[in-house]
Each structure stands twice: as structure tokens, then as C-alpha cells.
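Working notes for the structure below.
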């Protein structure tokens, strides 16, 4: 089963299990389903974001496949292009995860705290690796 199908099935089952069963409350139900501060509110958004991410990833894969199958581009480095393709797909999935997590208030505050911690850690690692990075950059300059 694809990621899109799995996300849609899981979201539909969760919504069917926790949705209210009253008649004539369609506006309240829609508000309840799509309000991120309610219990079921954040559930449709990850499915939407991951479905969009899967579509973008598929577009990237088909574009790269077309590029590599063209006879004029036979001299391209296939390994490098495949690496960049997988990296871009991972970045698209990461963006979908961040966007869906940003809609939940608890996860938004947790993400802000983690971002502050990562920024401090990157400064510490950058200062510790200063000599090593300087030598790597000077080696590239010699080439």
C-alpha cells in the first residue's frame, strides 16, 4: 500500500471511531474535525500534507527518470543525481512533517524548544570542528 493510501485509510478509521453521531450538526462536526485545538482536529492535516508530499516526490522521480532516459544526458553522473533525488524526496517529507506538526499547539511549542537546542548544539559543534573544516576548505581551494 502506498503512503497516500495508508494515510487516508488511517485517518478515515480514526475519524469514524471518534466522530460524534448526532444528526444536523454538520457545521459543528466540520469545525470539530478541522480545528487543531480539538481532539480530532489535527488528524486530517497530516494526511493532506503527506499526500501532497507523495505527489511532489513522485513528480521529482518521474522528472529525474525522464532526464536520465534522454540520450543527450548520457554523460551525467547517475549516482549523484540519484542521491540528489533521494535527498530532495527526504526534504519534501520533512517539510510535510514540520507543517503538520506546526498545526498542533503542543507540538509547535516542543518544536520551538528543539530548534533552540539544535541551534546551540550547532554552534558548539562548529566551534569544535573549526580546524578540521578549515583544512577541508583549504583542500578544496587547492583543487
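In this note's numbering, the protein residues as written are 298 to 440. The beta-carbon is built from N, C-alpha and C at its ideal position, and this holds for glycine as well.
Check your understanding: Near residue 358, which residues of its chain fall below 8 Å by C-beta distance, leaving aside the five closest residues on each side in sequence?
Key -> 382 and 386
Review point. Ordered along the chain, which non-local residues of its own chain (more than five positions away) have a Cβ less than 7 Å from that of residue 346?
Key: 393, 396 and 397
Review point. What does a CB cutoff of less than 7 Å around residue 375 pick up in its chain, not counting 5 residues either side in sequence?
Key: Within the same chain, residue 375 has close Cβ partners 365.
Check your understanding: Going by C-alpha distance, which of 354, 434, 429 and 437 is nearest residue 389?
Key -> 354
**Study point:** Chain-order list of residues whose beta-carbon lies under 8 Å from that of residue 408 (same chain, five-residue window excluded)
**Key:** Within the same chain, residue 408 has close Cβ partners 395, 398 and 399.
Exercise for review: Can you grab the Cα-Cα spacing for the pair residue 282 / residue 424, in whole Å?
Suggested key: Past the boundaries of the shown model lies residue 282; the chain is included only from 298 to 440, so the question cannot be answered.
Check your understanding: Do you know offhand how far residue 348's Cα is from residue 342's?
Key -> If I take the Cα positions, the gap works out to 10 Å.
Check your understanding: At what residues does the alpha helix (DSSP H) containing residue 393 begin and finish?
Key -> 375–399
Exercise for review: In angstroms with no decimal places, state the Cα-to-Cα distance between residue 413 and residue 406.
Suggested key: 11 Å
Exercise for review: In the DSSP assignment, find the alpha helix (DSSP H) that holds residue 411 and state where it starts and stops.
Suggested key: 402–425
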